[in-house]
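Novice: Got a structure here, written out as structure tokens. Questions coming.
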Amino acid sequence: MGTMFTIYDNGENPKKPSAVGENIRRELAAVIYEKNVLGLKGPRKMTIIMPAVRPISERDSILERYRTNRLDEMVVLNNKQPVWNEESQSYVLNFHGRVTQASVKNFQIVHSMHASQSEMNHQNNNNQVIPDPSEYVIMQFGRIDNETFTMDVRYPLTPVQAFGIVVTIELVNNCSEPIWPAIKNDGPIPNNGGFGPLQPGQVQSISVPSNWKSARIWPRTGCGENMLCVTGSCGNGILECNGLEGQIPASLAEFTLNGDGGLSYYDVSYVDGSNIPLRIIPIDGTFNAAVGNCKEISCTEDQRNLDLQKYNIKMKDANGKIIAIKSLCSQYNTDATCCRNAFNDGNKCRNGWNAAQNDIYTKIKTVCPTSYLYAYDDHSSLFTCKGVDGRISPDFKVVFCGLK
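Here you go:
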């Protein structure tokens, strides 16, 4: 089993004391992505389960009903299996002209062979011809131009459920070296928290729920065959971090989707230092430019190239190559530089910094004006965005070594 997500409406979590009666949240769908045993180029099996119930306990949840094969009053959908094409050396699907360009995001959703018994009985009792589940496409999504996609959906999916299913984070390696992306968030973690290598120029998309919370993505560099990484490691020999933190210094791309006010919050944080520059881009066509600020986040220069030698915050490998920049907190470890204890306040934190610490901040902030450098740097570094045309959250692109 790979990653599992449940999509809810905006009701209350039933575990909260305030959750009573009609204000309890309703499950809209559950999505299961199985582990991709064929690597980055192979198809990824996807299962979608939709309920007609309002769960009042863990036993009643969509995923629990699916695990225990209690599929009455449920609709189970799967991605259609692509066919290998020798001529193009790729997996292909027939989109009947609606999709025109190859992409790892292209997929079709069909009725599962596990269709609910009540649905099958209803069709049989009414002398209906039951279509071949593998041919009855419920939803299809695919690329038609650069950064432009089309989506078709029909009953029993609603557009809200469909948009929730296709939220993606696109990871782009713009570095001259391989990157091993790592992921951590609340709830089930995409790709079990890590994969790679992502080769220079390579792009890989991950699917996340539209209510993805407290999520962070960071790059691991210089990882050998046994996953002994030079920076960002979550443990020797570990490819899939599965909830483990990364070793600092490490650059962070952070997300909370569908947060307060229905907005998606995102930032680039160098609070734990920096190993490579990151860039976050809301993808055109997926966000409402009139709501939030929906800005790109990036640096104009790699921090490792800045004139900071006299402050001894540059980390080098055994060959003398600069591999990372320490944060103010990790370098000085004072209450002021770490914004803790008496300095755990946005109005007080920087008051305790000396001239050297302020100079480091100014030099880095000049080239990374939209990024977090300390805990209360959010006045210039936290951004919001909202999905468009019924989409709960926009899609995002995270570029490793992304300078602007």
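Numbering (UniProt numbering) for the sequence shown: 1 to 404.
C-beta atoms are modelled at their ideal positions from N, C-alpha and C, and glycine is treated no differently.
What you are looking at is a predicted structure, and each value in this text was computed from that prediction instead of being measured.
Could you please give the first and the last residue of the uninterrupted alpha helix (DSSP H) stretch that includes N358?
Specialist: Translated into the one-based positions of the sequence shown, residue 358 becomes position 358. From DSSP, the alpha helix (DSSP H) with N358 extends over A355 to V367.
Novice: Which residues in the same chain have their Cβ closer than 7 angstroms to the Cβ of Y376, if we skip the five residues on either side of it in sequence?
Specialist: Locating residue 376 in the sequence shown gives position 376, where the first residue counts as 1. Around Y376: C339, G346 and C349.
Novice: So if DSSP puts S205 in a beta bridge, which residue, or which two residues, is it bridged to?
Specialist: As a first step, residue 205 must be located in the sequence shown, where it is residue number 205. Partner(s): E170.
Novice: Please list, in chain order, all residues of the same chain as S176 whose beta carbon is under 7 angstroms from its beta carbon, the five residues on each side excluded.
Specialist: Here residue 176 corresponds to residue number 176 of the sequence shown, with the count starting at 1. Only P200 meet the Cβ criterion.
Novice: For E119, which three-state DSSP category applies?
Specialist: Along the sequence shown, read from residue 1 onward, the residue named residue 119 stands at position 119. At E119, the pLDDT of 42 sits below 50, so the modelled position is not reliable and the matter cannot be decided from this model.
Novice: Measuring only the C-alpha atoms, how far is S264 from R25?
Specialist: Residue mapping note: residue 264 aligns to position 264 of the sequence shown, counting from 1. Residue mapping note: residue 25 aligns to position 25 of the sequence shown, counting from 1. Distance between the alpha carbons of S264 and R25 is about 19 angstroms.
Novice: Are the Cβ atoms of R143 and Q101 separated by less than 7 angstroms?
Specialist: Against the sequence shown, residue 143 aligns to sequence position 143. Against the sequence shown, residue 101 aligns to sequence position 101. Yes, the Cβ-Cβ distance between R143 and Q101 is below 7 angstroms.
Novice: Would you identify the three-state DSSP class for R25, choosing helix, strand or coil?
Specialist: The sequence position of residue 25 within the sequence shown is 25, counting from 1. DSSP places R25 in coil when its eight states are reduced to three.
Novice: What is the C-beta distance between V230 and I323, in whole angstroms, given that I count them as a contact (C-beta under 8 angstroms)?
Specialist: One-based indexing of the sequence shown puts residue 230 at position 230. One-based indexing of the sequence shown puts residue 323 at position 323. Contact flag correct, Cβ pair sits at about 6 angstroms.
Novice: Do A29 and M50 have their CB atoms nearer than 7 angstroms?
Specialist: Along the sequence shown, read from residue 1 onward, the residue named residue 29 stands at position 29. Along the sequence shown, read from residue 1 onward, the residue named residue 50 stands at position 50. Yes, the pair counts as a contact, with Cβ atoms nearer than the cut-off.
Novice: Thinking just about the alpha-carbon of each residue, which of P369, P156, R70 and V99 is nearest to the one in H111?
Specialist: One-based indexing of the sequence shown puts residue 111 at position 111. Of the listed residues, the one whose Cα sits closest to H111 is P156.
Novice: What did DSSP end up calling N191 once you bin it into helix, strand or coil?
Specialist: Counting from one through the sequence shown, the residue named residue 191 turns up at place 191. Three-state DSSP puts N191 in a helix.
Novice: If contact is defined by three or more beta carbon pairs under 8 angstroms, each pair taking one atom from either stretch, is the region 244-253 in contact with the region 350-364?
Specialist: The region 350-364 vs the region 244-253: no contact.
Novice: Between the C-alpha atoms of D260 and R391, what's the straight-line distance to the nearest angstrom?
Specialist: As a first step, residue 260 must be located in the sequence shown, where it is residue number 260. As a first step, residue 391 must be located in the sequence shown, where it is residue number 391. Answer to the nearest angstrom: the Cα atoms are 16 angstroms apart.
Novice: Hey, is the region 306-322 in contact with the region 282-294, meaning 3+ C-beta pairs nearer than 8 angstroms?
Specialist: No: fewer than three Cβ pairs fall under 8 angstroms.
Novice: Can you list, in chain order, the residues of its chain with a C-beta nearer than 8 angstroms to that of K404? Leave out the 5 residues immediately preceding and following it.
Specialist: Along the sequence shown, read from residue 1 onward, the residue named residue 404 stands at position 404. Excluding positions up to five away in sequence, the list reads R279, E296, S298, C299 and T300.
Novice: Taking only three categories from DSSP, how would you classify K316?
Specialist: Residue 316 sits at position 316 when you count from the first residue of the sequence shown. Of the three classes helix, strand and coil, the one that applies to K316 here is strand, per DSSP.
Novice: Assign L198 to buried or exposed, taking buried as 16 or more other Cβ atoms, counted over all protein chains shown, within 10 Å of its Cβ.
Specialist: Here the question's residue 198 lines up with position 198 in the sequence shown. That one is buried.
Novice: My guess is that A19 and N10 are in contact by the Cβ rule of under 8 angstroms, so how many angstroms apart are they, rounded?
Specialist: For the purposes of this step, residue 19 is taken as residue 19 along the sequence shown, with counting starting at 1. For the purposes of this step, residue 10 is taken as residue 10 along the sequence shown, with counting starting at 1. Going by Cβ atoms, the distance from A19 to N10 rounds to 12 angstroms, so no, they are not a contact pair.
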